[in-house]
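Everything on this sheet refers to the single structure shown next.
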Amino acid sequence: MKAFFSVLLLASASMLLSGCPTYQSVHAESYQGPQSYHPVFSRSDRAKIRGYYLYNYPHMRKIPPGLQKKHDYRFKLKHPLHRDIYYSHLPYEIDHRLPALPRNYIRIRIGDDIAIMNTQTRIIYDAMWIFE
């Protein structure tokens, strides 16, 4: 009988101990901070925008070389848009078909160019020409 209780005690102890939590070492990496992400036009975005403008505005065509300099809007990628350059928002009909942009970014039209601009810094992160 003493042997039976010993075996029973040993079996119950092993069952209880197997349910105890075990501590494992954890590898922690240092926090790098938020990653900077700036949106760009994908190939499908460019195709949708170009298709929209060519279908809905067939009168828009390539500017002759003599007038290109006159209509040069003087903005550079990764630089702020100058305050005196007029821009308009992309029409809702095309903007809602494109993927949503992160907060504080908008798609704008400057002449025959479409660009992605940060509204706080006015920096142009990507641009495309409608007639490329």
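Note that the sequence shown covers residues -28 to -1, 1 to 104 in mature numbering (1 follows the signal peptide of the UniProt record, and there is no 0). Each residue gets a CB set at the ideal place from its N, CA and C atoms; glycine is no exception. Quick caveat, the model's predicted, so the values are computed rather than measured.
Residue burial classification, residue i (beta-carbon count within 10 angstroms, cutoff 16)
i                 : result
glutamine 90      : Note on residue identity: the sequence assigns asparagine, not glutamine, to residue 90. Buried, by the Cβ-count rule.
tyrosine 25       : buried
alanine 87        : buried
isoleucine 21     : buried
aspartate 56      : exposed
phenylalanine 103 : exposed
serine -4         : Its pLDDT being 49, under 50, serine -4 is placed unreliably by the model, and the measurement read from it follows with that caveat. Its Cβ having fewer than 16 others within 10 Å, serine -4 is exposed.
arginine 15       : exposed
arginine 46       : exposed
arginine 79       : buried
Beta bridge counterpart(s) of residue i as assigned by DSSP
i             : result
serine 60     : Arg81
asparagine 90 : Tyr77
aspartate 98  : Ile88
proline 52    : Ile95
Beta-carbon proximity of residue i to residue j, cut-off 8 angstroms
i             : j          : result
isoleucine 96 : leucine 62 : no
Straight-line gap, residue i to residue j (C-alpha atoms, nearest Å)
i             : j              : result
proline 74    : proline 11     : 8 angstroms
aspartate 98  : tyrosine 27    : 23 angstroms
histidine -2  : arginine 81    : Unreliable placement is indicated for histidine -2, whose pLDDT of 49 sits below 50; the coordinate value is still reported in the next sentence. So the alpha carbons of these two residues sit roughly 48 angstroms apart.
aspartate 85  : tryptophan 101 : 4 angstroms
isoleucine 66 : asparagine 76  : 19 angstroms
aspartate 17  : alanine 72     : 11 angstroms
Below-8 angstroms beta-carbon distance, residue i vs any chain C residue
i             : result
asparagine 76 : The structure shown contains no chain C; it holds only a single protein chain.
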